[in-house]
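Numbering (this note's numbering), first residue to last: 191 to 306.
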């Protein structure tokens, strides 16, 4: 990320491919104060409602608030609506409406770095 940032991009998207719990130490990356400070928006991808609930809980324990929910939980409009109604978090789907998802992320952008 430091190397990428040297070219002064408008945006860096970092995808932490595996889960936020388990043996891959993703939590240590998420707890890094420099990374937290540089985070513009936090997009959490979940496969189902239980994943959304668990993700919100685990990330809040790490001091992270989710800006946008994406992933297969949003494959239907019902999924997007559920997330927005139950948790007050914007939700979007890259396959059904990638432009809208991008706009939600852009709207949530706080600094220069977004985790997806």
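Where is the CB? At the ideal position from N, CA and C, for every residue including glycine. Fair warning: this is a prediction, and the values are worked out from it, not measured in the lab.
Here's the rule I'm using: 16 or more other beta-carbon atoms within 10 Å means buried, otherwise exposed. How should residue i be labelled?
i           : result
residue 270 : buried
residue 283 : buried
residue 208 : exposed
residue 243 : exposed
residue 261 : buried
residue 251 : exposed
residue 201 : exposed
From the DSSP output, read off the bridge partner residues of residue i.
i           : result
residue 260 : 235
residue 211 : Bridge partners of residue 211: none, in fact.
If you check the beta carbons only, do residue i and residue j fall under 9 angstroms apart?
i           : j           : result
residue 295 : residue 231 : yes
residue 263 : residue 238 : yes
Contact check, residue i vs residue j under 8 angstroms by CB: the rounded distance?
i           : j           : result
residue 241 : residue 256 : Not quite, the Cβ-Cβ distance comes to about 12 angstroms (not below 8 angstroms), so this is no contact.
Candidates the options: which alpha carbon is nearest residue i's?
i           : options               : result
residue 195 : 225, 206, 214 and 212 : 225
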